[in-house]
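Only one structure is covered here, and it is reproduced in the block below.
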Amino acid sequence: MILTQTKPRPGTSRQEAQTGTNRSLDKPSSLPSDSNVNHFHAPTKAALDHGLCLIRRSPWDSYRPLAYTMNQGTTHGDAILSKRIHRGWQQQDTQYVVKREKKTVGEEIASVAKPLHRNIVQLFQIFGTGDRVAFVYEAMDVSLEQVFSLDVDPWSINPGCKDAQLSAICLQVLKGLQYLRHSFEVSYGFLETANILINRSGSVKLANFAHCLMHSRKDFARDLAELARIILRLSFPLVARAKCDQLEQLPREFFHQLANNDDIRLALQHEYLRQADAGRLETLVLYTLEATYYPPQGFKELDASPVTSQIDD
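Going by the UniProt record's numbering, the sequence shown opens with residue 1, and the numbers climb by one from there.
Below is the structure:
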């Protein structure tokens, strides 16, 4: 890495120039003095690398809405597949998911950090004005709910690979939960198949990272118990009320360990996960994309104007 030395700004001390700090930035002079408005410090380089600064404007100043989507995790508002407005040097084919909801802009939104883990859906930006907040996430291919809403047994798509695929899903979900626990000291809190997303390379990621931090739960045992229930449902996707006794010995032992323990590290060491093969998930994802394709519900230009004005009010 090549470091370049920059000249200090007028009124900046040498120490402040070297450390990259400036106490004058602590004073939000450009923001209104209303006590109900949360004031945020100007971002430093470290903050930009590891945190997200709330942007007080409409997301449509930076992104172009394409279509509504329903397979990018649960949402309390709407989710819109979007592309970033071309700035000259950026790739135009990259798609993002803008999740909007009615929520007062509060201090918990200002403290959201960037997720830096392969099993957490990446959060890029946060926009918010008034009672509207928009989170910009990476776009994934399918949700686990979408996979197991097929009219056929999804394991029949790739016969003989059921345990390799199911254990690959469990392994990556556990790694995502472990990251949340050790890096942020929070539990996920709302683990369900709709919030487990997969792409065609076999990566499994947990959606809605921002909500996880804002609610800040610490019920780690509940996360693992919910994963145990998901395993049971995925093992028998066409059975309405499957029981754990129907599982074979190894997955049954893994089920009981998750259901009766909050130790993620111990769960990651279970023998059942040794057969995980994420590469086997590619066929499952591609089949799901073909079988569940619906013409997108376009985000009309007529819709964009009222929504933008409503956000900016």
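For each residue, glycine too, the CB sits at the ideal point set by N, CA and C.
If you're wondering where the values come from, they're calculated on a predicted model, not measured in any experiment.
- Valine 285 counts as buried, since at least 16 other C-beta atoms from the protein chains shown sit within 10 angstroms of its C-beta.
- Here tyrosine 188 carries a coil assignment [DSSP, helix/strand/coil].
- Remark: fewer than three beta-carbon pairs, one from each stretch, lie closer than 8 Å, so the stretch 130-137 and the stretch 236-253 are not flagged as touching.
- A distance below 6 Å between beta-carbons, with the five flanking residues on each side excluded, links alanine 207 to the following residues of its chain, in chain order: Gly73, Val121, Asn195, Leu197.
- Of the candidates Glu192, Cys212, Ser203, Asp223, Ser203 places its Cα closest to the Cα of glutamate 282.
- Excluding its 5 nearest sequence neighbours in each direction, aspartate 277 has C-beta neighbours in its own chain below 6 Å: Ala164, Ala168, listed in chain order.
- Rounded to the nearest angstrom, the Cβ distance from glutamine 125 to valine 136 is 4 Å, consistent with a contact under 8 Å.
- Nearest Cα to phenylalanine 209 within the set Tyr179, Pro159, Arg200: Tyr179.
- Excluding five sequence positions before and after serine 187, the CB atoms of its chain that fall closer than 6 Å to its own CB belong to Arg217, Lys218, Asp219, Phe220, Asp223, given in chain order.
- Cα atoms of glycine 77 and glutamate 253: separation of roughly 39 Å, rounded to the nearest angstrom.
- The beta carbon of lysine 102 sits closer than 7 Å to those of Gly77, Asp131, Arg132, all from its chain and outside the five residues before and after it, given in chain order.
- Here glutamate 248 is exposed. Its C-beta has fewer than 16 other C-beta atoms within 10 Å.
- Using a C-beta cut-off of 8 Å, the stretch 145-162 makes no contact with the stretch 255-267, since fewer than three inter-stretch Cβ pairs fall below that distance.
- Here the C-alpha atom of leucine 52 lies approximately 9 Å from the C-alpha atom of leucine 123.
- Runs of the beta strand (DSSP E) lying entirely within the stretch 64-93, each at least 3 residues long, are 78-84 in chain order.
- Distances from the alpha-carbon of lysine 162 to those of Ser58, Pro237, Tyr68 put Pro237 closest.
- Here leucine 258 really is in contact with leucine 227; their C-beta atoms are around 5 Å apart, less than 8 Å.
- Straight-line spacing of the CA atoms in arginine 100 and leucine 250 works out to 42 Å.
- When secondary structure is reduced to three states using DSSP, lysine 205 falls in the strand class.
- Cβ-Cβ separation between proline 59 and valine 97: approximately 11 Å, too far for a contact (criterion under 8 Å).
- Here glutamate 145 carries a helix assignment [DSSP, helix/strand/coil].
- Excluding residues up to 5 positions away in sequence, Lys83, Arg84 lie with their Cβ nearer than 8 Å to the Cβ of threonine 94 in the same chain.
- Partner residues in the beta bridge of glycine 51, as assigned by DSSP, are Ala113.
- Per DSSP, the beta-bridge partners of glutamine 125 are Val136.
- When secondary structure is reduced to three states using DSSP, arginine 233 falls in the helix class.
- Note on geometry: alpha-carbon atoms of asparagine 119 and glutamate 290 lie some 24 Å from one another.
- The three-state reading of DSSP puts arginine 100 in strand, counting E and B together.
- Under DSSP, glutamine 95 shares a beta bridge with Lys83.
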